[in-house]
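Undergrad:
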Amino acid sequence: MNRTTWKSPLAVSAAAALSLAAAISTLHAQAAGDPQKEVDAAYAKFKGLKEGKNADYIPALAKVDPNLFGIALVTVDGKVYTAGDLKTEVSIQSISKVFTMAQVIQEQGLDAIEKRIGVDATGARFNSIIAVEAVKTVVGTGAPEMNPLVNPGAISATSMVTGSSADAVWNKIIGFHNDAAGRQLSVLQDVYKSESDTNQRNQAIGALMLAYGYIKSNWQQAVDLYTRQCSIGVNAKDLATMAATLAASGKNPVTGKQVMDAAKVPGVLAVMATAGLYDDSGKWLYHTGLPAKSGVGGGIIAVSPGKFGIAVISPPLDDAGNSVRAQRAIADISNALGGNPYAPKRTN
Ligand code: GLN
Numbered sequence: 013m014n015r016t017t018w019k020s021p022l023a024v025s026a027a028a029a030l031s032l033a034a035a036i037s038t039l040h041a042q043a044a045g046d047p048q049k050e051v052d053a054a055y056a057k058f059k060g061l062k063e064g065k066n067a068d069y070i071p072a073l074a075k076v077d078p079n080l081f082g083i084a085l086v087t088v089d090g091k092v093y094t095a096g097d098l099k100t101e102v103s104i105q106s107i108s109k110v111f112t113m114a115q116v117i118q119e120q121g122l123d124a125i126e127k128r129i130g131v132d133a134t135g136a137r138f139n140s141i142i143a144v145e146a147v148k149t150v151v152g153t154g155a156p157e158m159n160p161l162v163n164p165g166a167i168s169a170t171s172m173v174t175g176s177s178a179d180a181v182w183n184k185i186i187g188f189h190n191d192a193a194g195r196q197l198s199v200l201q202d203v204y205k206s207e208s209d210t211n212q213r214n215q216a217i218g219a220l221m222l223a224y225g226y227i228k229s230n231w232q233q234a235v236d237l238y239t240r241q242c243s244i245g246v247n248a249k250d251l252a253t254m255a256a257t258l259a260a261s262g263k264n265p266v267t268g269k270q271v272m273d274a275a276k277v278p279g280v281l282a283v284m285a286t287a288g289l290y291d292d293s294g295k296w297l298y299h300t301g302l303p304a305k306s307g308v309g310g311g312i313i314a315v316s317p318g319k320f321g322i323a324v325i326s327p328p329l330d331d332a333g334n335s336v337r338a339q340r341a342i343a344d345i346s347n348a349l350g351g352n353p354y355a356p357k358r359t360n
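See the structure below:
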């Protein structure tokens, strides 16, 4: 008998019991509670909630129906649970910042983002110019105290995507978004035009980021491509699939495509946890434990690593620029399903 493979019957049954226990606990981890029941319950509970207000500094966003409400949850094994409006597309807005950052990390490594932009909270609004002025450099590392999920860092991250022309850069950006969503996405032209006509503040930020050396050249192209990426149209299921791709270590659980290296995903999730809901990120993490990202189009994605991605679309926002109903619905659903990675493991 081969010594290396022989095990005593006792050891074999102990090993079998252990792997059975592991299998059961994985099952429990993924199936704690009934996702469809929780998604339906949150939809019913928050359908009538009228708090918040559509973003209006981009004129096209003020015209979106504030009653639009869609919820989708996609598990790491590709099961999809939904409620409400799944067809209507809104502009992805700042949720795109996650995937452009991820694209840069995938191609250039985790250090590239940390060194050029930083991975620290600014504690300021997403389009703060004071935050640009206040940015400090961490002594010894040379890393600035900023992050790719606020506008200055995001415009800089977009400028880092390599390509010989604006089209080549754009194809990479949209390609990464398509792979994470599992379908061909397109730009909502009315939003792109509306934001391009009114984005003087982001242009000022782009120019400052060039002046301060975060953007190396052609800040106008970076601002334009950033504006385009923010105008990509998505529905709730697209967003949940993108979140689930991060939950499943970079593999889109619906299409099976490995979109980014598993080893690089935790860095992406860490920045989301730090800054995904801007200056309310701490409060959000306190209540849910979930890395998440909001957009002024009304979407929020959240990731329960190894379990599921979830997304809600509902345009009215709170003062920090985060969808009111999306925050409430995601927190309820995730907490009911044991989604908080910091919480003790559920056994039922
Ligand atoms: N495109 C928007 C902007 O640059 C994105 C902001 C957001 O979603 N928070 O202002």
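Counting in our numbering, the sequence shown runs from 13 upward without gaps.
We put the beta carbon where it would ideally sit given N, CA and C, even for glycine.
1. Give me, in chain order, the residues of the same chain whose beta-carbon lies closer than 6 Å to that of residue 309; leave out the 5 immediate sequence neighbours on both sides.
2. Do the region 316-328 and the region 244-264 meet, that is, are 3 or more Cβ pairs less than 8 Å apart?
3. What number of angstroms, rounded off, separates the C-alpha of residue 51 from the C-alpha of residue 94?
4. Among the candidates 122, 242, 180, 173, whose CA atom is the shortest distance from the CA of residue 273?
5. Would you tell me roughly how many angstroms separate the C-alpha atoms of residue 264 and residue 355, rounded to the nearest one?
6. Can residue 138 and residue 290 be called in contact, C-beta distance under 8 Å?
7. So what's residue 322 in DSSP terms, helix, strand or just coil?
8. Can you tell me whether residue 329 is helix, strand or coil according to DSSP?
9. Who are residue 315's beta bridge partners in DSSP?
10. Between the beta-carbon of residue 130 and the beta-carbon of residue 113, is there less than 8 Å?
11. CA-CA distance, residue 162 and residue 331?
12. If you measure between the beta carbons of residue 92 and residue 84, is that distance less than 8 Å?
13. Kindly indicate the opening and closing residues of the alpha helix (DSSP H) around residue 184.
14. Mind checking if residue 204 is an interface residue toward chain C, Cβ cutoff 8 Å exclusive?
15. Can you tell me the Cα-Cα spacing of residue 47 and residue 145, whole angstroms?
16. Mind checking residue 295: buried by the 16 CB within 10 Å criterion, or exposed?
17. If distances are taken between C-alpha atoms only, which option among 208, 227, 297, 280 comes closest to residue 73?
18. Buried or exposed for residue 337, going by 16 or more other Cβ atoms inside 10 Å?
19. Does the beta carbon of residue 336 fall short of 7 Å from some heavy atom of ligand 1?
TA: According to the data block:
1. Its chain contains 102, 103, 105 as the residues whose beta carbon lies nearer than 6 Å to that of residue 309, once the 5 sequence neighbours on both sides are disregarded; these appear in chain order.
2. By the Cβ test, the region 316-328 is in contact with the region 244-264, since at least three Cβ pairs between them sit closer than 8 Å.
3. C-alpha separation (whole angstroms): 7 Å.
4. Measuring from the Cα of residue 273, the nearest candidate turns out to be 122.
5. Whole-angstrom Cα-Cα distance: 25 Å.
6. Yes.
7. Strand.
8. Looking at residue 329 - three-state DSSP - the assignment turns out to be strand.
9. According to DSSP, residue 315 bridges with 321.
10. It is not a contact, given that the beta carbons lie outside the stated cut-off.
11. Whole-angstrom Cα-Cα distance: 16 Å.
12. At a Cβ-Cβ threshold of 8 Å, residue 92 and residue 84 count as neighbours.
13. Looking at the DSSP string, the run of the alpha helix (DSSP H) that includes residue 184 is 178-193.
14. Although the question refers to chain C, the structure presented lacks it and comprises just one protein chain.
15. Distance between the alpha carbons of residue 47 and residue 145: 45 Å.
16. Result: exposed.
17. That would be 208, whose Cα lies nearest to the Cα of residue 73.
18. Under this definition residue 337 is a buried residue.
19. Incorrect: residue 336 has no Cβ contact closer than 7 Å to ligand 1.
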